[in-house]
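K.L.:
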């Protein structure tokens, strides 16, 4: 869709489109209050600023709207409205061996048990081996550090998805 088409959406339509970019209802509602946007720059700048103004619960809500990295069944079943975008974002991971994907699934489980939310990573262009390697390193983080790292990764994902929305 074009920027003009985005600006012409109803509030409900805009919320639906923004949810594809970021699953935080606080972020979506705050972005909707700015509608119509004055420029694409304002859209991207405010998207980032409002994301950083969100709190831990808002971030975790957004994380819940992602399939687990490497979990292709989760991607197909639960995330149909963003599956094409998420599929593209995880494309390199899909090319991996079943063994690596199994290791990734196991590491995802350990991560989620340790931190209480799924592993979030801007995965575009990364193979499953790279995703797994980064996950293993991040398992050494404390909760506060990992939450901030995940928030930063979500921001990258949101920016990419806003770009895709406007393409």
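In our numbering, the protein residues as written are 521 to 687. Virtual Cβ for every residue (Gly too), placed ideally from N, Cα, C.
#1: Can you list, in chain order, the residues of its chain with a C-beta nearer than 6 Å to that of residue 563? Leave out the 5 residues immediately preceding and following it.
#2: Could you check what DSSP says for residue 591 in three-state terms: helix, strand or coil?
#3: Buried or exposed: where does residue 585 fall if 16 or more other Cβ atoms within 10 Å of its Cβ makes it buried?
#4: What does the Cβ neighbour count give for residue 636, buried or exposed, with the cut at 16 atoms within 10 Å?
#5: Could you tell me the distance, in whole angstroms, from the CA atom of residue 530 to the CA atom of residue 552?
#6: With distance defined between alpha-carbon atoms, name the residue in 565, 571 and 537 nearest to residue 674.
#7: Are residue 648 and residue 620 close, meaning C-beta to C-beta below 8 Å?
#8: Could you tell me which of 670, 644 and 528 sits nearest to residue 632, measuring between CA atoms?
#9: Can you tell me which of the three DSSP states residue 640 falls into?
#10: Assign residue 548 to one of two classes, buried (16 or more other C-beta atoms within 10 Å of its C-beta) or exposed (fewer than that).
#11: Check residue 669 in the structure and name its three-state DSSP category.
#12: Which of helix, strand or coil does DSSP assign to residue 646?
#13: Is residue 568 closer than 8 Å to residue 685 when the C-beta atoms are compared?
#14: Please give the ranges of any alpha helix (DSSP H) in the stretch 538-566, keeping only runs that are unbroken, at least 4 residues long and fully inside the region.
#15: Starting from residue 621, follow the alpha helix (DSSP H) in both directions and report where the run begins and ends.
#16: Around the Cβ of residue 599, are there at least 16 other Cβ atoms within 10 angstroms (buried) or fewer (exposed)?
P.N.:
Reading from the atomic positions:
#1: 557
#2: Reduced to three states, the DSSP call for residue 591 is coil.
#3: Buried: at least 16 other Cβ atoms inside 10 Å.
#4: Exposed.
#5: 10 Å
#6: Comparing Cα positions, the closest option is 571.
#7: yes
#8: 670
#9: coil
#10: buried
#11: In the structure shown, residue 669 sits in a helix (DSSP, three-state: H, G or I).
#12: coil
#13: Contact flag unset, no.
#14: Whole alpha helix (DSSP H) segments, 4+ residues: 545-553.
#15: Per DSSP, residue 621 belongs to the alpha helix (DSSP H) from 618-635.
#16: At residue 599, the pLDDT of 43 sits below 50, so the modelled position is not reliable; the number obtained from the coordinates is stated separately. Buried, because 16 or more other Cβ atoms sit within 10 Å of the Cβ of residue 599.
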